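Novice: Before anything else, here's the structure in question.
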Amino acid sequence: MVPSTEDEKRVSALSRTGLLSARSDETFLSLVSVAADAFGVPIATISLIDADRQIYFEKVGLAADSTMRCLSFCSRTIEGGETVVILDAARDPRWRDNPLVTGTPHIRFYAGVPLRIEGQAIGTFCLIDTAPREGFTAAERRRLERYAAIALEMLELRALQARRSTERVRFRLMAETSPDAMIVYDADGCILHWNGSAEDLFGHTAEEAARLRVADLTASAADRASWFDGAPGATREIEIRLGDGSAKVVEAALSRWTEAGRTFGGAVLRDASQRRERERVLHALAHRDALTGLANRALMRTRLEALLAAGPVAVLLIDLDGFKDVNDTVGHAAGDDVLKEAAARLLGCVRSSDVVARIGGDEFVVIVPDCGSPSVVGDMAARIVTAMADPFPVQERAVRIGASVGIALAPAQAESIDDLLFCADLAVYKAKADGRHRHRLYTPSLRAAVSDRQRFVHEFHRALEQGEFVLHYQPQVRLRDGALVGAEALIRWQHPEHGLLQPGAFLPALLSSRHAVAVNDWVLRTACRQAAAWLPLAGPHFRMGVNACAARLHSGEIDAVAMAILDETGLAPGNLELEITETVMLAHEGASIAALRALRERGIGIAFDDFGTGYASLSMLEGFPITRLKIDRSFVRKMNDAPDVPVIRAILQLARSFGLDVVAEGIETQDQLRRLRRKGCAEGQGYLFGRPVAPEPFAERFLAGAASVLRRAG
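The sequence shown begins at 1 in full-length UniProt numbering and counts up one residue at a time.
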C-alpha cells in the first residue's frame, strides 16, 4: 500500500504521541475488560494503526499483539472516520473471505470507534464477537462511543507522560553533552540538576552542588534575586562566585515552569568572555575580507561615507585583467594566492591614510582622502598598474595578469557613494576598452557613452531586420610576394542617426545582448556568400575569416549552423576560417570544444585570434583544434621600438612545433614587414596592405587582375 498524503499526516500524528513505544497498564486492561463484559463479547481492543500494521495497545480475548493493516477491520474504521458496525462478517461480501473471518479469531461481529488525536484517527476502540448479531441499537452505539471517549482520554494522558519521559531523557542527554553550564532548581533554590559543564565552570561536583542553593552561586543581592525575579526567557549578564572564591561574569538565560503544581527554575550559563571574543571575530568577518585581510565592501562603504563628509576624496577602482584565466588554468587555490599577493602590492602603492578594500572576486578599491590634484592620484594609479604587471610567482611558475584602474573624484565628479563608484566603474570600462593594463580618469563623456550603448541595445533588432549592419573586408596577404590569400570580415553599423559606427561603439553591448547569436549568424552567412562570389577572381585557395562570438560558440550548435550556411551559400569548408579569441575559448571550453573539433574535421579552419595576449594560450594549443595563430597587433607595434620582439619569435617557434600557420595583425610599415619576413612569418594583414572596406572597393582594389597587394599598396 502506497500511503496517501493524508495517511502520512495521520501516521506522523501517531508517531508524535510516543504511544508506539509506550506501555499499557492495568487501567487500560480494566477498561477493555469492562467493555467486553458490558457488551457480552469475548474480545475488546484498543488499537493503534500505523502505516502497515494494527498494534493492539491493550486487548482482552486475543493472543496476537498485532495484525497486518491490510486485513484489519479497524483500518476501515479510521478511513471512514466514524463508528463502524458489521453484524455478520461471514455474510458481508466485503469481509467474508478475510483471513480473520475464515481463520483465527473467526470474526463474525465487529463494532469500532475511531480515536482522534490532533484531528487524526490514530487508532480505534473496538468489540469483536465470534458469533453474529441480529442488531446493534443506537443506545448501544452511544455507550460504545462513551467507552471510546474514556479510552481516548487515557491515551492522551499516556501520550503526555510518554512525551515528558522522552523530553527528560532528551534533556539529560543534551545537558550532559552541552558546552554550557545547565542548572535546574526548585522554588526554594535547591539544585536538582547540575551538568558536567556546570562542574567545570563553578568548580563544584554534582554532589557538592546538591548541598547548595542557587543563591550561594552569586555574589550580589541583585544577582541572587535574578534567579527567580527575572523575566522568563530573558538573557542577562550576572556575576557568579566560583568554588575557589573568585568571581566571573557569565551570560545567563533563565526560565521558569510549573509541573504537577510545583515551580521549577532553569539556567543556562555561558562564559561572557567567549561571547565577546565571538563578537570580535564576527565583527572582523563582517568588515574584513577573509582571504586578503583588507576591508570588505561593507567597511569600504562605511569609511567612504565618513570621508565624503569630511572633504575631497578620490576613489580608484582596480579590476585585475586576465585573473579568470588563472582560475581556469592553474586552479582556484593559485587564484587565491594571486589575490593575496595583489592585495599586498596594493598596500605597497598607497599611503597609510588610504583605505584599501576588496569588494568582489578580482575587484579592489582604494579610497584616497585629501587627494590633492588629479595628477597625484594618477601617479598612484600608474604605480598600481606597474605593480600588477610584474609576474606573480604561483606554484613554481610565473603568472602574468595586469590591472585596469578607473579614477573618480568627489565632490568634483560625484557626491554620493553609489555615484562615485559608478563613475569609477565607467573609467575602468574605458581603461579596458583602450587596451587594458592602464588607468583612466572619469569624464562626463563616459556616462554619455554608456547611455549610447544602452540605447543601442534596444535598436539591434531593428538594425538586423532593416539591414543596417554591413560588412567591411580587410585583406590578408602572403608576405613573401604580397599575394592575396584571404580576407577578414568585420562588422559595421550604418546607423540612421549616427552614420557608420565602428565596432567599438556598439559591439560590447551587442555581444552581451540577446541578439548576439542572430547577428553572428548573419555575419557568417553574408561573409560566406561574399567569399563564394569572389572565388572565381580570388582563386580556389582564398579563405574568408569570420569572428565567432561567445554566445554562438557556447550554444553548442556552431558546427551545424556553419555547415548549413556553407551548403546554402555554396562555399567549400576549406574556404572558411572561424576566428576565436582566447577569452571566448576559456569561458566555454567544455561546451564548445566538441563543436570546434567537428568543424575542423569537416575542413573549416580555426584561427586563434589575438594570440599571446593572455595567460593560458600555451596550454590550449594541444587541447583545441586550432589551425592558425594570429599574432596580436600590440606585439607587431613593439617592433617600432625594439629590433627583436621575443614574443613574436616564440609564437613563430610554437607554430612550427605544433604545425600551425601564422598571420601577423596590425602591419603598418615596410620595416615591420621586412622584420616579419626575416623571422619567417608567412602571412599578415594591416593598414600597409589595406584598411577594411566595403565589398565593392575591396573587389576593385584587390581582385582586379593578379598584381600583388604590396604593389597596389605602394
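By construction, the Cβ of each residue, glycine as well, lies at the ideal position given by its N, Cα and C atoms. A quick note: this is a predicted structure, and the numbers were derived from the prediction, not measured.
Apart from the five residues on each side of it in sequence, which residues of its chain come closer than 8 Å, Cβ to Cβ, to residue 502?
Specialist: By one-based count along the sequence shown, residue 502 stands at place 502. Closer than 8 Å at the Cβ level, and outside the excluded window around residue 502, lie 492.
Novice: Using the C-alpha atoms, what's the distance from residue 497 back to residue 361?
Specialist: The residue given as residue 361 occupies position 361 in the sequence shown. The residue given as residue 497 occupies position 497 in the sequence shown. Answer to the nearest angstrom: the Cα atoms are 39 Å apart.
Novice: Keeping to the same chain, check which residues put their C-beta closer than 8 Å to that of residue 58; ignore five residues upstream and five downstream.
Specialist: Within the sequence shown, numbered from 1, the residue matching residue 58 stands at position 58. So the list reads 24, 28, 29, 31, 32, 45 and 46, once near-sequence residues are dropped.
Novice: Can you grab the Cα-Cα spacing for the pair residue 100 / residue 123, in whole Å?
Specialist: Reading the sequence shown from its first residue, position 100 is the one you call residue 100. Reading the sequence shown from its first residue, position 123 is the one you call residue 123. Each residue's alpha carbon lies about 18 Å from the other.
Novice: Considering only residues of the same chain and omitting the five flanking positions on each side of residue 573, which have a CB-CB separation below 7 Å?
Specialist: Locating residue 573 in the sequence shown gives position 573, where the first residue counts as 1. Cβ neighbours of residue 573 beyond the five flanking positions: 566, 602, 603 and 604.
Novice: I'd like the span of the beta strand (DSSP E) that includes residue 520, first residue to last.
Specialist: What you label residue 520 is simply residue 520 of the sequence shown in a count that begins at 1. Here residue 520 belongs to no beta strand (DSSP E); instead the alpha helix (DSSP H) covers 516 to 538.
Novice: Ignore the nearest five residues each way along the sequence and tell me which others in residue 479's own chain have a CB closer than 7 Å to its CB.
Specialist: Within the sequence shown, residue 479 is the residue found at index 479, counting from 1. Same-chain partners within the cutoff: 673, 676, 677, 681, 682, 683 and 684.
Novice: Name, in chain order, the residues that DSSP records as bridge partners for residue 563.
Specialist: Looking up residue 563 in the sequence shown gives position 563. Answer by DSSP bridge pairing: none, since residue 563 is not bridged.
Novice: Let me know the secondary structure DSSP gives residue 405 once reduced to three states.
Specialist: Translated into the one-based positions of the sequence shown, residue 405 becomes position 405. Residue 405: strand per DSSP, three-state reduction.
Novice: State the DSSP-derived secondary structure class of residue 687, mapped to helix, strand or coil.
Specialist: Counting from 1 along the sequence shown, the entry for residue 687 is found at position 687. Coil, per DSSP.
Novice: With DSSP collapsed to three states, give me the class of residue 9.
Specialist: Mapped onto the sequence shown, residue 9 falls at position 9. Helix.
Novice: Considering just the uninterrupted stretch of the alpha helix (DSSP H) at residue 648, what are its terminal residues?
Specialist: Locating residue 648 in the sequence shown gives position 648, where the first residue counts as 1. Element bounds for residue 648: 646 to 658.
Novice: DSSP beta-bridge partners for residue 88?
Specialist: Within the sequence shown, numbered from 1, the residue matching residue 88 stands at position 88. In the DSSP output, where bridge partners are listed per residue, residue 88 has none listed.
Novice: For a quick check, are the C-beta atoms of residue 35 and residue 147 less than 8 Å apart?
Specialist: As a working mapping, residue 35 is identified with position 35 in the sequence shown. As a working mapping, residue 147 is identified with position 147 in the sequence shown. Going by C-beta atoms, residue 35 is nearer than 8 Å to residue 147.
Novice: Tell me the residue span of the beta strand (DSSP E) that contains residue 74.
Specialist: Stepping through the sequence shown from its first residue, residue 74 is reached at position 74. Run containing residue 74: none in the beta strand (DSSP E); it sits in the alpha helix (DSSP H), 73 to 80.
Novice: According to DSSP, simplified to helix, strand and coil, what is residue 256?
Specialist: Translated into the one-based positions of the sequence shown, residue 256 becomes position 256. Strand, per DSSP.
Novice: Should residue 702 be labelled buried (16 or more other beta-carbon atoms within 10 Å of its own) or exposed?
Specialist: Working through the sequence shown from its first residue, we reach residue 702 at position 702. Looking at its Cβ environment, which holds 16 or more other Cβ atoms inside 10 Å, residue 702 is buried.
Novice: Excluding the 5 residues preceding and the 5 following residue 433 in the sequence, name in chain order all residues of the same chain whose CB lies nearer than 7 Å to its CB.
Specialist: Reading the sequence shown from its first residue, position 433 is the one you call residue 433. Hits under 7 Å: 504.
Novice: Under three-state DSSP, which class holds residue 351?
Specialist: The residue you call residue 351 lines up with position 351 of the sequence shown. Note: residue 351 maps to coil in three-state DSSP.
Novice: What residues match up with residue 543 in a beta bridge as DSSP calls it?
Specialist: Counting from one through the sequence shown, the residue named residue 543 turns up at place 543. In DSSP, residue 543 forms a bridge with 486.
Novice: Please name the residue in 397, 417 and 247 whose C-alpha comes closest to that of residue 306.
Specialist: Taking the first residue of the sequence shown as 1, we reach residue 306 at position 306. Ranking the options by Cα distance to residue 306, first place goes to 417.
Novice: Under three-state DSSP, which class holds residue 697?
Specialist: Residue 697 sits at position 697 when you count from the first residue of the sequence shown. Residue 697 sits in a helix when the DSSP states are folded into three classes.
Novice: If I follow the unbroken beta strand (DSSP E) through residue 70, where does it start and stop?
Specialist: The residue you call residue 70 lines up with position 70 of the sequence shown. First-last for residue 70: undefined, no H or E at that position.
Novice: Using the Cβ count rule (16 or more neighbours within 10 Å means buried), how would you classify residue 329?
Specialist: Taking the sequence shown and counting its residues from 1, the one referred to as residue 329 is at position 329. It is buried - the Cβ of residue 329 has at least 16 other Cβ atoms within 10 Å.
Novice: What do you get for residue 588, buried or exposed, if any count of 16 or more other CB atoms within 10 angstroms of its CB means buried?
Specialist: Along the sequence shown, read from residue 1 onward, the residue named residue 588 stands at position 588. With a pLDDT of 48 at residue 588, under the threshold of 50, the modelled position of that residue is not reliable, and the figure given next carries that caveat. The residue is buried, with at least 16 neighbouring Cβ atoms inside 10 Å.
Novice: On the CB-based measure, 16 or more other CB atoms within 10 Å of its CB, does residue 333 come out buried or exposed?
Specialist: Taking the first residue of the sequence shown as position 1, residue 333 is located at position 333. That one is exposed.
Novice: Can you tell me the Cα-Cα spacing of residue 82 and residue 102, whole angstroms?
Specialist: Here residue 82 is taken as the residue at index 82 of the sequence shown, counted from 1. Here residue 102 is taken as the residue at index 102 of the sequence shown, counted from 1. Roughly 26 Å between the two C-alpha positions.
Novice: Is the segment 193 to 206 touching the segment 52 to 72, taking contact as three or more C-beta pairs under 8 Å?
Specialist: no
Novice: Which residue comes first and which comes last in the beta strand (DSSP E) that contains residue 123?
Specialist: As a first step, residue 123 is located in the sequence shown; it is residue number 123 there, counting from the start. Here the beta strand (DSSP E) through residue 123 covers 120 to 129.
Novice: Are the beta-carbon atoms belonging to residue 462 and residue 517 less than 8 Å from one another?
Specialist: For the purposes of this step, residue 462 is taken as residue 462 along the sequence shown, with counting starting at 1. For the purposes of this step, residue 517 is taken as residue 517 along the sequence shown, with counting starting at 1. No; because the gap between Cβ atoms is not below 8 Å, this pair is not in contact.
Novice: According to DSSP, is residue 45 part of a helix, a strand, or is it coil?
Specialist: For the purposes of this step, residue 45 is taken as the residue at position 45 of the sequence shown. Reduced to three states, the DSSP call for residue 45 is strand.
Novice: Which residue or residues does DSSP assign as beta-bridge partners of residue 574?
Specialist: Taking the first residue of the sequence shown as position 1, residue 574 is located at position 574. BP columns for residue 574 are empty, so no partner.
Novice: Is the distance from the Cβ of residue 468 to the Cβ of residue 494 below 8 Å?
Specialist: For the purposes of this step, residue 468 is taken as the residue at position 468 of the sequence shown. For the purposes of this step, residue 494 is taken as the residue at position 494 of the sequence shown. Yes, the pair counts as a contact, with Cβ atoms nearer than the cut-off.
Novice: Check the C-beta distance from residue 380 over to residue 350 and give it rounded, since I have them as a contact under 8 Å.
Specialist: Here residue 380 is taken as the residue at index 380 of the sequence shown, counted from 1. Here residue 350 is taken as the residue at index 350 of the sequence shown, counted from 1. Correct: roughly 7 Å between the Cβ atoms.
Novice: Within the chosen definition, does the segment 297 to 312 reach the segment 394 to 406 through at least 3 CB pairs nearer than 8 Å?
Specialist: no
Novice: Would DSSP call residue 388 helix, strand or coil?
Specialist: Here residue 388 refers to the residue found at position 388 when the sequence shown is read from its first residue. Three-state DSSP puts residue 388 in a helix.
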